[in-house]
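J.: Those protein sequence lines, which keep their order, are chains Z and L.
Every letter in the first sequence is one number past the one before it in UniProt numbering, and letter 192, counting from 1, is 192.
Every letter in the second sequence is one number past the one before it in UniProt numbering, and letter 14, counting from 1, is 14.
C-beta atoms are modelled at their ideal positions from N, C-alpha and C, and glycine is treated no differently.
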Amino acid sequence: MRASKPAAAREPATQAALAIDRLDVRYGRARAVQQASLLLERGTLAIVGRNGMGKTSLCNAVTGMVPSSGSIRLFGEEIRGLPPHRIARRGVAYVPQGRRVWRSLTVDEHLRLAHRFRRGEWTPDGIYELFPRLKQRRHNGGTQLSGGEQQMLAIGRALLLDPSLLLMDEPTEGLAPIIVEQLAATLRSLAARTEMAILLVEQNLRFAVDVADSVAVMVNGCVVRTMPAAALAADRALQQQLMGVHAQGVGS
Amino acid sequence: MKWPRHRDRAILAATPLVVVAAWACHHDTRLFVAATLNGVTLAALYFLVASGFALIFGLMRNVNLAHGSLYLLGAYVGYTVGDQTGSWYLGVVAGALGAAVLGVVLQVSVFRFMPGQELRQALVTVAISVVLADLMMWVWGADIYQLDPPEWMYGSSVLPIVQHYPTYRLILLVLAVAVGGGLWLLLNRTRIGMMIRAGVDDRMMLAATGVNMQFVFAVTFAIGAGLAGFAGVIGGSALSISPGEDTRYLLASLIVVVVGGLGSVAGTAVGALLIGLSEQYGLAYAPTYGVLFTFLIMVATLFYRPQGIFGGR
Chain Z
1 MRASKPAAAR EPATQAALAI DRLDVRYGRA RAVQQASLLL ERGTLAIVGR
51 NGMGKTSLCN AVTGMVPSSG SIRLFGEEIR GLPPHRIARR GVAYVPQGRR
101 VWRSLTVDEH LRLAHRFRRG EWTPDGIYEL FPRLKQRRHN GGTQLSGGEQ
151 QMLAIGRALL LDPSLLLMDE PTEGLAPIIV EQLAATLRSL AARTEMAILL
201 VEQNLRFAVD VADSVAVMVN GCVVRTMPAA ALAADRALQQ QLMGVHAQGV
251 GS
Chain L
1 MKWPRHRDRA ILAATPLVVV AAWACHHDTR LFVAATLNGV TLAALYFLVA
51 SGFALIFGLM RNVNLAHGSL YLLGAYVGYT VGDQTGSWYL GVVAGALGAA
101 VLGVVLQVSV FRFMPGQELR QALVTVAISV VLADLMMWVW GADIYQLDPP
151 EWMYGSSVLP IVQHYPTYRL ILLVLAVAVG GGLWLLLNRT RIGMMIRAGV
201 DDRMMLAATG VNMQFVFAVT FAIGAGLAGF AGVIGGSALS ISPGEDTRYL
251 LASLIVVVVG GLGSVAGTAV GALLIGLSEQ YGLAYAPTYG VLFTFLIMVA
301 TLFYRPQGIF GGR
């Protein structure tokens, strides 16, 4: 169980961090993702869209958890079809919907377990510096944590893989507004101080435009348009149109 | 808090048992103590077999109904190696290793292709156990074997009340305790144990953290099957080895795991104790209906606590 070859991904700065091309995900006859294409060069891209539009399926396809067809390239290398652990070792870290921390492992064990395959700049101590709250809770089990603490732990676990791409699925779900604000600040500073690209799936439009550089909109399994976050923030009518009843006002 | 109601119920259930035990103790102390010792040492053997079964099912949700075959194969291999080399210790090692290797082969060549399909796994492994039973009969025949443990394990130890008790059965008890402690340490103090626990909780997230699940599965299967083989040699020295033992120990493992609950070493230990004791008390006090007790316990568990006494989910 050694780390696989150092991801060749790192050197060429010209390749997009993530390039998805005509991706399909099917569950039996149902098509969750249809011919979706998406480009994330660098920085943070948010995918927004209503429930059931295929956002989580897209994440699951990128992390290799569900079979898909089409093309998913990470810094130019095809990763579609690889098993999840190989994709993870190439530098794709996943913060899933609902956090999914391990209930029988302590905070400390989570971090030690994740800190294994790609030893880079992140260490468990670095995570404790980033989230001092986790240090106080280091001997608590995964389910003894509050939602916000679980989210910190899930992010810490992902960062320890030293990812070149961080995938986050609905990180604000079930969090108090003040925690959501802290999370946004954390993500912005992470994006600024690391090379890491971030793909953020989010229903909370305010959070999405707050954190991301650009926003992609998914409707019925397709990415229908991509635009700068600022453009979406300024266009209230578009927000209403895209998100329907789920709209949460952004900007003035 | 649920605890007080829990405690009331436990007291309610325990009172008649204590009364009956007190009566039995008063009636014939020696019989009672002997039956208890027999029950506890039988439980030790059940624990050795069932802990492997519980480990494999707990992590991988693999229903391995060939677990009894692993036990019997371990016993036969241990016997042959012990017989050839004259060393019982080598026999123990060989029996555990043989079963572990077969376990890995099962995982890599069978279970890997049917994840999450319990019915298919059950049917396939029943078929495999039938085939293995015939193959073992072909190689070792239908004779009854018994392994000879080293001299110092022979004979009897002096204990209060029962006076003489077979030393080997006491060693069995010590071994079970050691294996239980070892398993606990493995699960709670090592990296592979950490992976196994994380895999029981959320397997996909473990894979998404870069862990090769197939590797963890193979290791877990090797440990679980190795424990079955180890138990085979140990049990084959305390009792005997013959065709049919495979299904007997498979059944015992299933009942122990159903009663004790999956996913914890303690649950398996408690399940094994309950079943071992009930079998031996049944034998001592109600030989005709003894077998029933085991199943009554199982039915009661399934009725009142379907997840098992220590079961989490």
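Tell me whether G147/Z sits in a helix, a strand or coil according to DSSP, three-state version.
T.: In the first sequence, the residue the question calls residue 147/Z occupies position 147. Reduced to three states, the DSSP call for G147/Z is helix.
J.: Could you give the distance in angstroms between the alpha-carbon of H139/Z and the alpha-carbon of L145/Z?
T.: By one-based count along the first sequence, residue 139/Z stands at place 139. By one-based count along the first sequence, residue 145/Z stands at place 145. Looking at the two C-alpha atoms, the distance is approximately 11 Å.
J.: CA-CA distance, L90/L and E151/L?
T.: If you number the second sequence from 1, residue 90/L lands on position 90. If you number the second sequence from 1, residue 151/L lands on position 151. So the two alpha carbons sit approximately 15 Å from each other.
J.: Per DSSP, G141/Z forms a beta bridge with which residues?
T.: Along the first sequence, one-based indexing puts residue 141/Z at 141. T106/Z, per the DSSP bridge assignment.
J.: Candidates A127/L, G235/L, L48/L: which alpha carbon is nearest A176/L's?
T.: The count along the second sequence starts at 1 and reaches residue 176/L at position 176. With distances taken between Cα atoms, A176/L lies closest to L48/L.
J.: Compute the beta-carbon to beta-carbon distance between L186/L and G180/L, rounded to the nearest angstrom, for a pair I have assumed lies under 8 Å.
T.: Position 186 of the second sequence, counted from the start, is the residue given in the question as residue 186/L. Position 180 of the second sequence, counted from the start, is the residue given in the question as residue 180/L. Incorrect: roughly 11 Å between the Cβ atoms, too far for contact.
J.: Identify whether E170/Z lies in helix, strand or coil by the three-state DSSP scheme.
T.: Taking the first residue of the first sequence as position 1, residue 170/Z is located at position 170. It is coil, neither helix nor strand.
J.: What are the boundary residues of the alpha helix (DSSP H) that includes A100/L?
T.: Along the second sequence, one-based indexing puts residue 100/L at 100. From DSSP, the alpha helix (DSSP H) with A100/L extends over 88 to 109.
J.: Could you work out which residues of chain L lie near L161/Z, taking near to mean beta carbons separated by less than 8 Å?
T.: In the first sequence, counting from the first residue as 1, residue 161/Z sits at position 161. Correct list: T209, G210.
J.: Kindly say whether K5/Z, judged by its beta-carbon, lies nearer than 8 Å to any beta-carbon of chain L.
T.: The sequence position of residue 5/Z within the first sequence is 5, counting from 1. In this prediction, K5/Z has a pLDDT of 44, which is less than 50 and means its spatial position is unreliable; what the coordinates show is noted afterwards. Output row for K5/Z: interface = no.
J.: Based on the DSSP secondary-structure assignment, which residues constitute the bridge partners of H164/L?
T.: Stepping through the second sequence from its first residue, residue 164/L is reached at position 164. In the DSSP output, where bridge partners are listed per residue, H164/L has V158/L.
J.: Going residue by residue through the stretch 42 to 121 of chain Z, where are the continuous alpha helix (DSSP H) segments of at least 4 residues, counting only ones entirely within it?
T.: Counting only runs of 4 or more, we get 55 to 62, 84 to 89, 107 to 114.
J.: Could you check where the alpha helix (DSSP H) with S129/L kicks off and where it finishes?
T.: In the second sequence, counting from the first residue as 1, residue 129/L sits at position 129. It spans 118 to 140 - the alpha helix (DSSP H) in which S129/L sits, taken as one unbroken run.
J.: Tell me which same chain residues have a C-beta within less than 6 Å of the C-beta of L250/L, skipping the five on either side of it?
T.: In the second sequence, the residue the question calls residue 250/L occupies position 250. Only H67, G68 meet the Cβ criterion.
J.: For the beta strand (DSSP E) that contains P228/Z, what are its first and last residues?
T.: In the first sequence, counting from the first residue as 1, residue 228/Z sits at position 228. Run containing P228/Z: 222 to 228, per the beta strand (DSSP E) assignment.
J.: Where does the unbroken beta strand (DSSP E) through R218/Z begin, and where does it stop?
T.: In the first sequence, residue 218/Z corresponds to position 218, counting from 1. Reading off the sequence, residue 218/Z comes out as Met, not Arg. Looking at the DSSP string, the run of the beta strand (DSSP E) that includes M218/Z is 214 to 219.
J.: Using Cβ-Cβ distances below 9 Å, what residues of the stretch 101 to 112 of chain Z are close to chain L?
T.: Cβ contacts with chain L: V101, W102, R103, S104, L105, E109, H110, R112.
J.: Report the residues of the stretch 58 to 76 of chain Z with a CB closer than 7 Å to any CB of chain L, ordered along the chain.
T.: Within the stretch 58 to 76 of chain Z, the residues whose Cβ lies closer than 7 Å to some Cβ of chain L are T63, M65, listed in chain order.
J.: Are the C-beta atoms of A198/L and some chain Z residue less than 8 Å apart?
T.: Stepping through the second sequence from its first residue, residue 198/L is reached at position 198. Yes, because at least one Cβ of chain Z sits closer than 8 Å to the Cβ of A198/L.
J.: Just to confirm my understanding: we take A34/L, look at its own chain, exclude 5 residues before and 5 after, and list those with CB closer than 6 Å. What are they?
T.: Translated into the one-based positions of the second sequence, residue 34/L becomes position 34. The answer, listed in chain order, is V162.
J.: Could you list the residues in the stretch 27 to 43 of chain Z with a C-beta less than 9 Å from some C-beta on chain L, going in chain order?
T.: Cβ contacts with chain L come from no residue of the stretch 27 to 43 of chain Z.
J.: Taking Cβ positions, are V95/Z and L167/Z nearer each other than 8 Å?
T.: Residue 95/Z sits at position 95 when you count from the first residue of the first sequence. Residue 167/Z sits at position 167 when you count from the first residue of the first sequence. Yes, Cβ-Cβ distance for V95/Z and L167/Z is below 8 Å.
J.: Of all the CB atoms in chain Z, is at least one closer than 8 Å to the CB of M298/L?
T.: Residue mapping note: residue 298/L aligns to position 298 of the second sequence, counting from 1. M298/L does not count as touching chain Z.
J.: Please determine if the stretch 36 to 52 of chain Z and the stretch 123 to 130 of chain Z are in contact, where contact requires at least 3 C-beta pairs separated by less than 8 Å.
T.: Result no; under three Cβ-Cβ pairs closer than 8 Å.
J.: Enumerate in chain order the residues of its own chain whose CB-to-CB distance from K55/Z is below 6 Å, with the five nearest sequence positions on each side excluded.
T.: The sequence position of residue 55/Z within the first sequence is 55, counting from 1. These residues qualify, in order along the chain: I47, G49, V201, M218.
J.: Between the Cα of I241/L and the Cα atoms of A122/L, P166/L, A142/L, which residue gives the shortest distance?
T.: Your numbering for residue 241/L matches position 241 in the second sequence. Among A122/L, P166/L, A142/L, the Cα nearest to that of I241/L is on A142/L.
J.: Determine, for M213/L, whether the minimum Cβ-Cβ distance to residues of chain Z falls below 8 Å.
T.: By one-based count along the second sequence, residue 213/L stands at place 213. Yes, M213/L lies at the interface with chain Z (some Cβ there is under 8 Å from its Cβ).
J.: Are the C-beta atoms of P96/Z and some chain L residue less than 8 Å apart?
T.: Numbered from 1 along the first sequence, position 96 holds the residue referred to as residue 96/Z. True, the Cβ-Cβ gap to chain L drops below 8 Å.
J.: Which class does L17/L belong to by DSSP, given the choice of helix, strand or coil?
T.: As a first step, residue 17/L is located in the second sequence; it is residue number 17 there, counting from the start. Note: L17/L maps to helix in three-state DSSP.
J.: Could you confirm whether any beta carbon from chain L is found closer than 8 Å to the beta carbon of H139/Z?
T.: In the first sequence, the residue the question calls residue 139/Z occupies position 139. So no, H139/Z is outside the interface.
J.: Applying a beta-carbon distance threshold of less than 9 Å, which residues of chain L neighbour A88/Z?
T.: Against the first sequence, residue 88/Z aligns to sequence position 88. Chain L residues near A88/Z: A207, A208, T209, G210, V211.
J.: Looking at G82/L: is its Cβ nearer than 8 Å to the Cβ of G98/L?
T.: The sequence position of residue 82/L within the second sequence is 82, counting from 1. The sequence position of residue 98/L within the second sequence is 98, counting from 1. No, the pair does not count as a contact, with Cβ atoms beyond the cut-off.
J.: Is the separation between the beta-carbon of D213/Z and that of T14/Z shorter than 8 Å?
T.: Residue 213/Z sits at position 213 when you count from the first residue of the first sequence. Residue 14/Z sits at position 14 when you count from the first residue of the first sequence. Taking 8 Å as the Cβ cut-off, D213/Z and T14/Z do not qualify as a contacting pair.
J.: Taking the DSSP output, what are the residues bridged to D24/Z?
T.: Translated into positions along the first sequence, residue 24/Z becomes position 24. DSSP lists S69/Z as partners of D24/Z.
J.: Please check if any C-beta of chain Z sits within less than 8 Å of the C-beta of D202/L.
T.: Against the second sequence, residue 202/L aligns to sequence position 202. Interface residue, yes.
J.: CA-CA distance, M298/L and V258/L?
T.: Along the second sequence, one-based indexing puts residue 298/L at 298. Along the second sequence, one-based indexing puts residue 258/L at 258. Cα-Cα distance, rounded: 7 Å.
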